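Residue 0 is where the sequence shown starts when you use numbering that gives the first Met the number 0, and the numbers rise one by one after that.
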Amino acid sequence: MKRLAAASLVLAGLSACTLLDPLELTADAPQVVTIDPPNGASQVPLDAALRAELNLPGGAVDLTTLSEASVTLTEESGAPVAATRTLEDGGSTLVVSPEAPLQPATTYRFSVTSALRDEVGTPFEAFTSTFSTTDEALGDVGTLTVRNPLEIPFDDRLVLHRINDTSGNLCWPPDDPGCDAEAEPWADLVYVDTGVLQLENTGEAPLELTLTLSSPADFTLPGGESELVLDPGESYDLTVQFIHAGDEMGIIESYLELQDARGASTQIELAGIYQLRPEGNREIFLEGIVRGFGYTTELGTDARGGLTSTGPDAPLAGDEVRSAYWRPLDASLPVRVTQIAAFHSCCTQGDTFEAFEQGASTPLVSFRNDGAYSQTIFPLAEGTDEVARAEFEPSGPFEMRSANYSTDPSLGAGGGRFGFRLWPAKDREGEVIPGTYIAAQDYVSTGDCMETPLANCDFNDNMYLIENVAPVD
């Protein structure tokens, strides 16, 4: 008989879990090695979950056998407790989470029966443990609701941007004898390294929150918040700042944890897009920006993160959808366009977004990003303190333009090239967000990708999220 060592597992806030005698463990059958709360434990919190570490000599648990019949949680009376049953830590930990708080001063029985089997069909050794709960009822706590005021990309994801060195310029006298090597065109550049989360207590009791950043070297709370108390109906605007000081370019992903007095936790994803210096090939290309926003759309990009062809015969790139004209997906709602990025020449003038009904010369809508925000995400609209965005209600098909590059390549500046392109936005689970498209524009009139210095096809010059649209073609 082979004897196996057993490991212990501790649940935060509880005593050490029960460790079974190693002499009892064999390699013949899957078994429970440890259980937390331990067998016979008392004063167990009412919101506790049970965690059982498993010994699996024959392979993983057969998920088809994991059920309320094979893994039971009952009151002393035998009444079953509604709970979810999941596997964590690569399948080696069984977690049973009651769907509602347990009853105070009550004894519970946890059992694993031989109906639970591993993937080769070997039944588990029967296991039972008991515990009793605290006699103190859970106090009422508030309910946390988190909102991202921009609504992009998601309420539980905040995207920020940083440039670590804005000195100097791109002047290169051997190629451009007329340039001023001492000029500092980026002196007025603004990048969006802060964002706001709206926290609201939508419950009927006070809400105490503890705030923890998983990566304080990359993100900070400039207001210094570590704890908050929100009365019922009260809201709080929490500012988060991206402070990562890395070289070159990349994306940092982290999270902010908001934990209430019961231990319930809400995690907010934080994404920081960074680059060492502005403009040219030092910018984050199309792929990096889209991934930073958390979208999973297949873009068909090359190793640089840009595209490889814009000519009339250019193939579709990934999930790309081409249509010269577009329409509202829901005619009862407006079309909304939000500029999510601008990475073009900075910093005196922005670029213009326009939409034209078919055959019209006057735009349905027109807005321009502020020139100082021409190397960042979420640029402000020219002359305002609001993110560049607009809504419009077309009465028929319309084409869209960015910097005069149109969805209809026969119009505007493209000269037949595809300089303004759209992809359906896909969420973090890979599902298409109905009627929502990522649009990206590049200056391609001087030649196809990489044929001239200006045509680097990074497709980040202007990027938009366009909502409530569908292709006509």
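Every residue, glycine too, gets a C-beta built ideally from N, C-alpha and C.
It should be emphasised that the depicted structure is a prediction, and the values quoted were computed from it without experimental measurement.
Based on Cα-Cα distance, which residue from the options lies nearest to residue i?
i: A204; options: G141, H160 and D164; result: G141
i: R281; options: A424, Q42 and S344; result: S344
i: L206; options: G262, P152 and L188; result: G262
i: D27; options: F123, F366, Q42 and T73; result: F123
i: S260; options: T209, E252, S253 and G222; result: What sits at residue 260 in the sequence shown is Ala, not Ser. Nearest of T209, E252, S253 and G222 to A260, Cα basis: T209.
i: D457; options: G90, T238 and Y442; result: Y442
i: I283; options: A340, W325 and L227; result: A340
i: P184; options: P221, T165 and V80; result: T165
i: L464; options: S76, V119 and P433; result: P433
i: S128; options: S253, L198 and T33; result: T33
i: A51; options: P79, L72 and W325; result: L72
i: N368; options: F377, P362 and T361; result: F377
i: C88; options: E428, L55, P311 and I251; result: Looking at the sequence provided, one finds Asp at residue 88 rather than Cys. When only C-alpha atoms are compared, the closest one is L55.
i: W325; options: G194, A47 and A469; result: A469
i: L332; options: T307, T347, E278 and P393; result: P393
i: T406; options: E385, A380, E356 and G429; result: E356
i: E353; options: M399, E390 and A330; result: M399
i: R427; options: L227, F292 and A330; result: F292
i: P327; options: A186, T435 and G77; result: T435
So the alpha helix (DSSP H) residue i belongs to, where does it begin and stop?
i: V289; result: L285 to G291
Are the beta-carbon atoms belonging to residue i and residue j less than 8 Å from one another?
i: G304; j: Y273; result: no
i: N489; j: I288; result: This structure cannot settle anything about residue 489, because the visible part of the chain is limited to 0 through 472.
i: L49; j: F109; result: yes
i: T351; j: F417; result: no
i: E74; j: P103; result: no
i: V31; j: L62; result: no
i: R161; j: G299; result: no
i: V60; j: L86; result: yes
i: S91; j: T83; result: no
i: L212; j: E224; result: no
i: S131; j: T106; result: yes
i: N200; j: P221; result: no
i: F419; j: Y404; result: yes
i: G57; j: T121; result: yes
i: T307; j: I437; result: no
i: I267; j: L157; result: yes
i: A323; j: D192; result: no
i: E247; j: L285; result: no
From what residue to what residue does the beta strand (DSSP E) around residue i run?
i: A316; result: That residue, A316, is in no beta strand (DSSP E); it is neither H nor E in DSSP.
i: Y463; result: N461 to E466
i: I376; result: Q374 to I376
i: G434; result: V431 to Q440
i: W325; result: W325 to P327
i: V334; result: V334 to F342
i: F366; result: V364 to R367
i: E207; result: L206 to L212
i: W422; result: F419 to K425
i: Q240; result: S234 to F241
i: P97; result: T92 to P97
i: S41; result: A40 to V43
i: D301; result: Run containing D301: none; DSSP gives neither H nor E here.
i: G271; result: S264 to Q274
i: I34; result: Q30 to D35
i: S128; result: F126 to T132
Rounded to whole angstroms, what's the CA-CA distance from residue i to residue j? Just pull it up for me.
i: G245; j: L229; result: 36 Å
i: P21; j: G39; result: With a pLDDT of 40 at P21, under the threshold of 50, the modelled position of this residue cannot be trusted, and the question is left open.
i: F241; j: S214; result: 10 Å
i: Y294; j: V431; result: 10 Å
i: A99; j: V111; result: 21 Å
i: S518; j: T337; result: With the chain represented from 0 up to 472, any question about residue 518 goes unanswered, as that position is not in the structure.
i: P29; j: T64; result: 13 Å
i: I151; j: R290; result: 13 Å
i: Q440; j: D155; result: 27 Å
i: G382; j: T144; result: 33 Å
i: E466; j: L159; result: 21 Å
i: R388; j: V334; result: 11 Å
i: L188; j: P37; result: 59 Å
i: R146; j: L196; result: 6 Å
i: E233; j: L198; result: 8 Å
i: L3; j: L101; result: Note that L3 has pLDDT 36, beneath the 50 cutoff, so the model's placement of it is unreliable and the number below is only indicative. Answer to the nearest angstrom: the Cα atoms are 34 Å apart.
i: G349; j: D312; result: 30 Å
i: L149; j: V119; result: 50 Å
i: L257; j: E385; result: 28 Å
i: A359; j: L255; result: 48 Å
i: T25; j: A47; result: With a pLDDT of only 49 at T25, under the threshold of 50, the placement of this residue in the model should not be trusted; the figure read from the coordinates follows. Cα to Cα, the separation comes out at about 30 Å.
i: E23; j: T265; result: Below a pLDDT of 50, predicted positions are generally treated as unreliable, and E23, at 43, falls in that range; the measurement from the model is reported next regardless. Taking the straight line from one Cα to the other gives about 40 Å.
i: C16; j: V43; result: Reliability of the predicted coordinates at C16 is poor, the pLDDT of 46 falling under 50, and the value obtained from them is presented with this limitation in mind. So the two alpha carbons sit approximately 12 Å from each other.
i: C346; j: V239; result: 25 Å
i: P396; j: D217; result: 45 Å
Three-pair Cβ contact test at 8 Å for the segment 372-385 versus the segment 411-427: no
The segment 418-426 in contact with the segment 314-331 per 3-pair CB rule at 8 Å: yes
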